[in-house]
Amino acid sequence: MTFGQVKDNDEKISIKPPSEFFPKERAQVLVVGSFHFHYPGLDSFKTMEEDKIDVLKEPKKSEVAELVEYIKRFKPTKVAIEARPKWNATSKLREYKSGMHRDKRDERYQLAMRIVNDFSMDTLYSIDVHSLSQDLYKKDSVFLKSITNKIDWNAQDPYWDMAKEWLNYREKMLNKVHILDFFKHINSRESHNANYGTYLTGNFTAGDVQGADNLSIWWYNRNARIFSKIIQLTESTEDRILVVMGNGHAAILRQFLEASPQFDFVEFGDLENY
Numbered sequence: 491m492t493f494g495q496v497k498d499n500d501e502k503i504s505i506k507p508p509s510e511f512f513p514k515e516r517a518q519v520l521v522v523g524s525f526h527f528h529y530p531g532l533d534s535f536k537t538m539e540e541d542k543i544d545v546l547k548e549p550k551k552s553e554v555a556e557l558v559e560y561i562k563r564f565k566p567t568k569v570a571i572e573a574r575p576k577w578n579a580t581s582k583l584r585e586y587k588s589g590m591h592r593d594k595r596d597e598r599y600q601l602a603m604r605i606v607n608d609f610s611m612d613t614l615y616s617i618d619v620h621s622l623s624q625d626l627y628k629k630d631s632v633f634l635k636s637i638t639n640k641i642d643w644n645a646q647d648p649y650w651d652m653a654k655e656w657l658n659y660r661e662k663m664l665n666k667v668h669i670l671d672f673f674k675h676i677n678s679r680e681s682h683n684a685n686y687g688t689y690l691t692g693n694f695t696a697g698d699v700q701g702a703d704n705l706s707i708w709w710y711n712r713n714a715r716i717f718s719k720i721i722q723l724t725e726s727t728e729d730r731i732l733v734v735m736g737n738g739h740a741a742i743l744r745q746f747l748e749a750s751p752q753f754d755f756v757e758f759g760d761l762e763n764y
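So, in structure tokens, the structure goes:
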């Protein structure tokens, strides 16, 4: 084609989608976002006493057993949990296999260890980490305070008020529905997006950009580090990794896993078809 010529209008050029450049075979990851069964009270949103359930008593005890069977449809090859190395997960797993810890309400025992035990695995992976903000505090607390000192930690925001209304409603539903249905609800795409959205309210815009900086070096960074741990324990495209974490973590891990060229994110609700 010489200068000035135009291609025939009937000749169409298609642009390859990004997926053409990455492998189709990928490790599968199922993230089970959970509330904390033993209610340690460490999260910013606290469950009211009358809304708490006891997973060691009926009917929730049997419902948890059904939840475990549902998750087992995924047939994991590895199981990872929200725990730091000092929690000694694999050591506790050995104790669990010997009959200990069966009376612990913690979802790491009631869900993760039961599944690991049922599939005769010998390792339980701890993938929780502290955030960059904690590193900065240890290295230079004066500097950290200087970049967060304008934040109004009690900033008023109507969207945070709406979020609290939703979270309160959700907690009350746990006593009224089967725990499996509750898990399907909180692990849906809509619930995950709404959960992550709560972190973008309140003091997020406080102190000019300091609220945004705080979120990025604290919550977002911690979950990015957790995601890096998932990558590190992945050995092949045949891996099927079950991750049991607080649902706030699951909301961000969904974003990482769906965007990653290395993994397929498995929808919790799709286990019906496994």
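Be aware that the sequence shown starts at 491, since it is given in the numbering used here, and climbs by one per residue. The C-beta atom is built at its ideal place from N, Cα and C for all residues, glycine as well. Since the model is a prediction, treat every value here as computed from it, not as a measurement.
Cβ-based burial, S588 [other Cβ within 10 Å; buried from 16]: The residue is exposed, with fewer than 16 neighbouring Cβ atoms inside 10 Å.
Every unbroken alpha helix (DSSP H) within the stretch 536 to 608, with a cutoff of 4 residues, ordered by chain: List check, alpha helix (DSSP H) in window: 550 to 561, 579 to 587 and 604 to 608.
Run of the alpha helix (DSSP H) containing S631, from where it starts to where it stops: L622 to S636
Beta-carbon spacing of H526, E585 below 9 Å: no
Top-ranked residue by Cα proximity to E725, from K551, H668 and Q752: When only C-alpha atoms are compared, the closest one is Q752.
Segments assigned alpha helix (DSSP H), at least 4 residues, entirely inside the stretch 668 to 694: 669 to 676 and 679 to 688
Q646 burial status per 10 Å Cβ neighbour count (16 or more: buried): exposed
Status (buried if at least 16 other CB within 10 Å, exposed otherwise) for E661: buried
From V521, P566 and A684, residue whose alpha carbon lies closest to that of E748: V521
D651 in three-state terms, based on DSSP: helix
Beta-carbon contacts of I720 that lie in its chain and below 7 Å, excluding the five residues immediately before and after: V519, A570, I617, I731 and V733
Test item: CB-CB of E757 and T567 under 9 Å: no
Beta-bridge pairing of G523 - partner residues as DSSP gives them: M735
For G523, the nearest candidate out of I742, S750, V606 and M735 (CA to CA): Measuring C-alpha to C-alpha distances from G523 to each of I742, S750, V606 and M735 identifies M735 as the nearest.
Contact the stretch 660 to 679 vs the stretch 551 to 566: 3+ CB pairs below 8 Å: yes
Member of D630, T691, S681 and L690 whose CA lies at the smallest distance from the CA of A740: S681
Strand pairing of S610, partner residues [DSSP]: DSSP, once it has assigned bridges, lists no residue as partnering S610.
Endpoints, the alpha helix (DSSP H) within which D703 is located: Per DSSP, D703 is one residue of the alpha helix (DSSP H) stretching across Q700 to L705.
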